[in-house]
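Protein chains in written order, with numbering that gives the first Met the number 0: chain A, 0 to 395; chain B, 0 to 321.
All residues carry an ideal CB built from backbone N, CA and C; glycine is no exception.
What follows is a set of notes on a single structure, which appears directly below.
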Amino acid sequence: MRVAGLFSWGLLAAVGVVAYALQALPGGRTLAFALAVGAVLGLVLQRSRFCFYCHARDWFERGNPRGLLALVLALAVGTVGYTVVLGSWVPVPTAGQLPADMHIGPVSWGLVAAGLAFGAGMVASGSCISAHWYRLAEGSLVAPFALIGSAGGFILGFRTWNVLYSATMAEAPTVWLPAHLGYGGALALQLAVLAAIAAWLWRGFAHEAPANVAAAHGVPRLGQAWRRLWVGRWPYWAGGLAVGLIGAFVIVRMRPLGVTATLGSAARALAQEQGWIPDRLNGLDMLAGCATALQASWLTPNALLIAGLVAGAFIAALASRQFAPRWPTWRDAGRGLAGGALLGWGAMTGLGCTVGTLLSGGMAGALSGWVFGAAVFLAVWAGVRAQAWQARRAGG
Amino acid sequence: MTAALRFHRHLPTWRDGLYALALGAAIALCGTAFAATPVPQGPLVTTDWLAQNLDNAKVRVIEVSVNPGLYERSHVPGAVNFSWHSDLNDKVRRDIVGKEAFEALLSKAGVAPDTTVVLYGDTSNWFAAWGAWVFDIYGVKDVKLLDGGRKKWEAENRPLNNRVPEPVATTYRVASVNTQLRARLSDALAVAEGRSDARLVDIRSADEYTGKVFAPAGVPELSVRAGHIPGAANVPWGQAVREDGTFKSAEELKKLYAAAGIDGSKPIITYCRIGERSSHTWFALSKILGYEVRNYDGSWTEYGNAVGVPITNPAGTLWAAK
Chain A
0 MRVAGLFSWG LLAAVGVVAY ALQALPGGRT LAFALAVGAV LGLVLQRSRF CFYCHARDWF
60 ERGNPRGLLA LVLALAVGTV GYTVVLGSWV PVPTAGQLPA DMHIGPVSWG LVAAGLAFGA
120 GMVASGSCIS AHWYRLAEGS LVAPFALIGS AGGFILGFRT WNVLYSATMA EAPTVWLPAH
180 LGYGGALALQ LAVLAAIAAW LWRGFAHEAP ANVAAAHGVP RLGQAWRRLW VGRWPYWAGG
240 LAVGLIGAFV IVRMRPLGVT ATLGSAARAL AQEQGWIPDR LNGLDMLAGC ATALQASWLT
300 PNALLIAGLV AGAFIAALAS RQFAPRWPTW RDAGRGLAGG ALLGWGAMTG LGCTVGTLLS
360 GGMAGALSGW VFGAAVFLAV WAGVRAQAWQ ARRAGG
Chain B
0 MTAALRFHRH LPTWRDGLYA LALGAAIALC GTAFAATPVP QGPLVTTDWL AQNLDNAKVR
60 VIEVSVNPGL YERSHVPGAV NFSWHSDLND KVRRDIVGKE AFEALLSKAG VAPDTTVVLY
120 GDTSNWFAAW GAWVFDIYGV KDVKLLDGGR KKWEAENRPL NNRVPEPVAT TYRVASVNTQ
180 LRARLSDALA VAEGRSDARL VDIRSADEYT GKVFAPAGVP ELSVRAGHIP GAANVPWGQA
240 VREDGTFKSA EELKKLYAAA GIDGSKPIIT YCRIGERSSH TWFALSKILG YEVRNYDGSW
300 TEYGNAVGVP ITNPAGTLWA AK
């Protein structure tokens with residue numbers, strides 16, 4: 000394990016060297032920032048095992064609320080952070096005016112369909128797209144199938160886009176809560192809803208045995224504290240707090256967090272080259288979200304964020320001895336591809352995934368983020384119930 | 000004896016006097032260094048000059064960038080943001096912002112008749128130059144471009160922040176509207192049909208000019224014909240600037256345009272695709288060289304779509320033909 004430790008230090012140094020080199024390029028400061036933030040995010044996601052699907056499943060199957068409470072915390076912290084930043088960008092929010100680049104999309108039944116598909120994709124493939132990225136760094140060989148499947152799902156999404164756009168999205172309202180309630184009103188409403196959800200989730204703790212309150216007292220030595228960072232997993236709340244803070248910090252220097260733009264752009268470039276999708280995707284590039292516009296270069300902030308995320312998660316997995324490559328079975332591959340296709344279609348149609356639309360949108364006060372999130376969790380709930388029913392039938 | 004007592008008993012000495020003198024001199028020096036310097040003659044200000052005049056109450060800095068989100072993340076300290084989409088364009092007509100809306104915009108930005116307005120933006124001041132053209136049409140007296148725009152300011156590692164200023168509002172009134180700075184379709188057609196002696200300058204890329212492409216990469220096609228207005232000279236806008244985004248010298252510019260037959264002896268009309276980039280060349284020709292220039296803001300998207308007008312298309316491309 001000494002070798003793994005050295006390797007993770009080496010990789011960390013390599014990320015630093017690349018970040019330094021990037022600064023010389025045009026827009027280099029933002030590129031270096033994206034890589035560094037991505038690495039921190041990857042480390043946080045891996046260490047706290049921040050996973051929308053696992054967190055939701057823990058609640059629906061076992062009534063364990065910790066993961067979903069961490070999501071609520073991330074949204075609450077991020078909402079406060081976004082309010083501070085956006086309040087300086089658009090001092091007086093008015094209807095018809097949106098802050099630049101924020102993931103505030105149209106609210107339509109197309110968005111609900113996207114959320115349901117994305118949720119079903121999470122159930123089938125075992126996690127959402129952000130978790131597949133960090134699992135890739137843990138040596139999961141299912142994740143590549145899910146990501147390839149997602150690229151395929153994006154292409155399906157581009158094929159159905161024009162019909163859906165005309166049928167539902169073109170005239171759908173784009174609701175930015177601060178434009179209707181003011182920053183204070185929107186913040187109060189969002190925090191109240193999150194508090195209500197948290198109170199409801201808290202019931203889950205009633206099922207648990209009384210905690211062992213005889214926790215160790217005293218301050219651990221520095222070495223012990225350091226080692227604890229790399230053993231097991233961080234508390235759920237640490238993941239939620241860190242993701243909320245990163246989400247809010249990121250918008251000051253780059254676009255809001257999103258983990259599908261690069262994948263979507265690559266899928267679009269490939270599909271367009273092959274003539275699989277229409278030349279013109281009506282209105283798509285005018286909408287806010289995880290933009291899939293064709294990129295002239297791979298050196299975009301979003302691509303570097305993803306590269307950093309995978310590198311950071313890899314460093315964390317090595318340091319915590321959780322890098323465990325596992326060969327997939329045919330069933331894994333099939334589930335990865337099929338679930339990925341649903342994830343991709345949902346992320347394309349919903350203009351982002353659980354990170355881009357739910358987290359970044361929700362933090363910005365976009366109604367679309369909340370609607371997408373509700374649809375995702377509804378689908379996961381149904382999926383978990385269906386799995387349990389199937390298991391009972393098989394068992395019985 | 001306690002420290003407080005020692006301090007209490009401390010009496011000024013000749014050394015304290017020297018310190019005070021040195022401090023005073025330093026403050027005076029800094030004051031001189033940061034004092035507002037006179038507004039330069041001519042249509043441009045340097046990054047150096049602007050850096051020294053950020054606190055000058057008579058200067059209002061305004062960013063007009065193409066890309067949304069740039070200003071919000073960081074801008075020249077104290078700069079106001081004008082969106083070219085929603086502030087400087089009419090939201091319904093295809094037209095520049097109306098007179099009343101322009102007055103409201105400048106009033107909100109705290110511009111008074113004696114204010115020096117400094118415009119700057121991304122992509123070497125494309126849309127900042129377009130802003131300068133709009134300001135000129137509405138007769139704003141003292142309008143200048145920050146030479147090199149955002150590109151040079153950032154390259155020199157000068158300060159940026161993301162605070163939105165709250166200028167004291169004024170009541171700005173437009174005294175006169177100079178429509179002579181705009182060319183219309185009829186003016187461009189008159190040149191194409193030989194009924195006018197004005198000279199046309201097409202500032203788009205050589206591929207757009209020759210009709211090889213209908214629009215630059217990544218930009219939607221907005222015209223069903225490719226090519227250019229008959230008789231137009233092609234001088235892409237980028238040839239007017241140096242690597243750092245600043246305008247070339249007047250001598251260099253004179254040579255550049257003279258080589259394309261544009262020497263200022265005849266009135267000039269500049270155009271591009273939608274009429275914004277051509278303002279950059281309008282600025283160089285009219286403000287730096289002092290030629291008589293009009294900007295055709297209908298540009299190729301209007302001319303290339305107009306029925307019954309002649310075009311020149313050396314590449315022979317046909318729209319929607321496979």
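| Item | Value |
| --- | --- |
| Straight-line gap, residue 278 (chain A) to residue 109 (chain A) (C-alpha atoms, nearest Å) | 21 angstroms |
| Residue 227 (chain B) in three-state terms, based on DSSP | strand |
| CB contact below 7 angstroms: residue 3 (chain A) versus chain B | no |
| Min CB distance residue 99 (chain A) to chain B below 7 angstroms | yes |
| Reference residue 228 (chain B); option with closest CA among B:272, B:144 and B:64 | B:272 |
| Cα-Cα separation, residue 300 (chain A) to residue 69 (chain B) | 14 angstroms |
| Opposing strand residues paired with residue 175 (chain A) [DSSP bridges] | A:365 |
| Backbone secondary structure at residue 81 (chain A) - three-state DSSP | helix |
| Residues of the segment 65 to 94 of chain A with Cβ closer than 7 angstroms to any Cβ of chain B, in chain order | 87, 88 and 90 |
| Buried versus exposed call for residue 265 (chain B) [16 or more other C-beta atoms within 10 Å across all chains shown] | exposed |
| Limits of the alpha helix (DSSP H) - the one that residue 301 (chain A) falls within | 300 to 318 |
| Same chain, Cβ closer than 6 angstroms to residue 314 (chain B), neighbours up to 5 away in sequence not counted | 209, 210 and 211 |
| CB contact check: residue 163 (chain B) to chain A, cutoff 7 angstroms | yes |
| Close-in-space but distant-in-sequence residues of the same chain around residue 457 (chain A) (CB under 7 angstroms, 5 per side omitted) | Since the first residue shown for chain A is 0 and the last is 395, residue 457 (chain A) is missing from the structure and cannot be characterised. |
| Beta-carbon neighbours of residue 293 (chain A), restricted to chain B and to distances below 8 angstroms | 217 |
| Selection of the segment 67 to 85 of chain B by Cβ proximity to chain A, strictly under 7 angstroms | 67, 68, 71 and 72 |
| Counted within 10 angstroms of its Cβ, other Cβ atoms place residue 86 (chain B) as buried (16 or more) or exposed | buried |
| For residue 246 (chain B): DSSP bridge partner residues | B:240 |
| Positions along the segment 249 to 277 of chain A whose CB lies within less than 7 angstroms of some CB in chain B | 251 and 252 |
| Simplified DSSP state of residue 60 (chain B), which is helix, strand or coil | strand |
| Classification of residue 279 (chain B) by the beta-carbon crowding that lies within 10 angstroms, buried from 16 upward | buried |
| Short Cβ contact (7 angstroms threshold) for residue 316 (chain A) with residue 69 (chain A) | no |
| Same chain, Cβ closer than 6 angstroms to residue 250 (chain A), five either side skipped, listed in chain order | 84 |
| Contact under 7 angstroms by Cβ, residue 63 (chain B) with residue 48 (chain B) | no |
| Burial state of residue 415 (chain A) (16 or more Cβ within 10 Å) | The question about residue 415 (chain A) has no answer here: the residues shown for chain A are numbered 0 through 395. |
| Secondary structure of residue 317 (chain B), DSSP reduced to three states | coil |
| Simplified DSSP state of residue 192 (chain A), which is helix, strand or coil | helix |
| For residue 94 (chain A), three-class secondary structure by DSSP | coil |
| Selection from A:75, A:40, A:338 and A:287 that minimises the alpha carbon distance to residue 189 (chain A) | A:75 |
| Where the beta strand (DSSP E) containing residue 284 (chain A) begins and where it ends | Here residue 284 (chain A) belongs to no beta strand (DSSP E), and DSSP marks it neither H nor E. |
| Distance between residue 59 (chain B) and residue 33 (chain B) (C-alpha atoms, nearest Å) | Confidence in residue 33 (chain B) is poor, its pLDDT being 48 and thus under 50, which makes the residue's placement too unreliable to answer from. |
| CB contact flag (residue 353 (chain A), residue 127 (chain A), <7 angstroms) | yes |
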